[in-house]
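First residue of the sequence shown: 1, per UniProt numbering; consecutive thereafter.
Have a look at the structure below before the remarks.
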Amino acid sequence: MKFSRLAVAVGLCAVALVGCDQKQSATTSTSTKLDSKAQQASYGLGLQIGSNLLATPIDGLSVEAIALGIDDALAGKESRLSQEQLDEALQFALDRAAEKQNALNDAAAKKGQEFLAENAKKDSVKTTDSGLQYEVLTAKDSGASPKATDSVTVHYTGKLLDGSVFDSSVERGTPATFFLRQVIPGWTEGLQLMKVGERYQFFIPADLAYGASSPTPAIPANSTLIFEVELLDIPSQKSAAAKEQAPVAE
Numbered sequence: 001m002k003f004s005r006l007a008v009a010v011g012l013c014a015v016a017l018v019g020c021d022q023k024q025s026a027t028t029s030t031s032t033k034l035d036s037k038a039q040q041a042s043y044g045l046g047l048q049i050g051s052n053l054l055a056t057p058i059d060g061l062s063v064e065a066i067a068l069g070i071d072d073a074l075a076g077k078e079s080r081l082s083q084e085q086l087d088e089a090l091q092f093a094l095d096r097a098a099e100k101q102n103a104l105n106d107a108a109a110k111k112g113q114e115f116l117a118e119n120a121k122k123d124s125v126k127t128t129d130s131g132l133q134y135e136v137l138t139a140k141d142s143g144a145s146p147k148a149t150d151s152v153t154v155h156y157t158g159k160l161l162d163g164s165v166f167d168s169s170v171e172r173g174t175p176a177t178f179f180l181r182q183v184i185p186g187w188t189e190g191l192q193l194m195k196v197g198e199r200y201q202f203f204i205p206a207d208l209a210y211g212a213s214s215p216t217p218a219i220p221a222n223s224t225l226i227f228e229v230e231l232l233d234i235p236s237q238k239s240a241a242a243k244e245q246a247p248v249a250e
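Shown next, in the form of structure tokens:
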């Protein structure tokens, strides 16, 4: 799936969402006070705009030009550029951003495929029909396994191929509980292979993870993900068993 131009446009057009009846300068100043609620709200809007702009893959954005545009808009001034110039510049920026993001997506996909091809050669690694790879770290002779409709409680650490951690219940110190139908396909399939008390390491291809639609900048598009998972409990099975054992009211 190719990069969506709309995603970039949303980030850029965040500037246009700023409404204010005070014609103040947008020039950056470290001496600006944030004492009043209005000042704090203004600062919060600035943070949101900056965060949205950082999330766009457009190179060469000018803080000074952005501030000038905000100043002119808040002052009610006419644009210094014609609509044709603005449209042409935005289209150029979007086209370059799309090309850049597509190249990054393709590179990430290729890197993941190469990693999985080598990883599959290891004796300890098994590969399912879907392409999911897993390694058993701690095995149990017996125990319950979840179904796709079950909820599970797990400890996990998620990493990129470079070893950087993007999410970890272990680091937070609190296990996570969720339904298997609510997570990525690699998890839904992989957790059903496990028994309570087991630890697995999953190597999840991009098409069984988030693909090109990553939910967070911490996970680049088309990333192959590595998860170490410990299955602690299957709450839904306990709940179902408790209902079956409950006395029937007469």
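Ideal Cβ positions, reconstructed from N, Cα and C, are used throughout, including at glycine.
As the structure is a prediction and not an experimental result, all values here were calculated from the model.
Q) Residue ranges of each alpha helix (DSSP H) run of no fewer than 4 residues wholly in the stretch 175 to 234, ordered along the chain? A) 185 to 191
Q: Pick out the complete beta strand (DSSP E) segments inside the stretch 115 to 173, 3 residues or longer, and give them in chain order.
A: Fully contained in the stretch 115 to 173 are the following beta strand (DSSP E) runs of length 3 or more, in chain order: 125 to 127, 133 to 138, 151 to 159, 165 to 168.
**Q.** DSSP state of S82 mapped onto helix, strand, coil
**A.** coil
Q) When we look at the beta-carbon of Q48 and count the other beta-carbons within 10 Å, is it buried (16 or more) or exposed? A) Exposed: under 16 other Cβ atoms inside 10 Å.
Q: Answer yes or no: do F202 and L116 have a C-beta to C-beta separation smaller than 9 Å?
A: no
Q. Grouping DSSP H, G and I as helix and E and B as strand, with all else coil, what is G76?
A. coil
Q: Name the two residues that bound the continuous alpha helix (DSSP H) containing L34.
A: Run containing L34: none; DSSP gives neither H nor E here.
Q. Y134 to K33, Cα distance in whole Å?
A. 54 Å
Q: Report back the beta-carbon spacing between I66 and A93 to the nearest angstrom; my notes put them in contact at under 8 Å.
A: The C-beta distance from I66 to A93 rounds to 12 Å, too long to fall under 8 Å, and the pair is not in contact.
Q: Output yes or no for whether 9 Å exceeds the beta carbon distance between A176 and T153.
A: Yes, the pair counts as a contact, with Cβ atoms nearer than the cut-off.
Q: Give the secondary structure of S62 by DSSP, where H, G and I count as helix, E and B as strand, and everything else as coil.
A: coil
Q | Spatially closest choice to Q237 from Q113, L180, Y200, L61, by CA coordinates | A | L180
Q. When we look at the beta-carbon of K147 and count the other beta-carbons within 10 Å, is it buried (16 or more) or exposed?
A. Result: exposed.
**Q.** Straight-line Cα distance separating D106 from L137
**A.** 32 Å
Q.
I need the straight-line Cα distance from L81 to N119, nearest angstrom please.
A. 54 Å
Q) Tell me which same chain residues have a C-beta within less than 6 Å of the C-beta of F227, skipping the five on either side of it? A) Correct list, in chain order: Y156, G158, F202.
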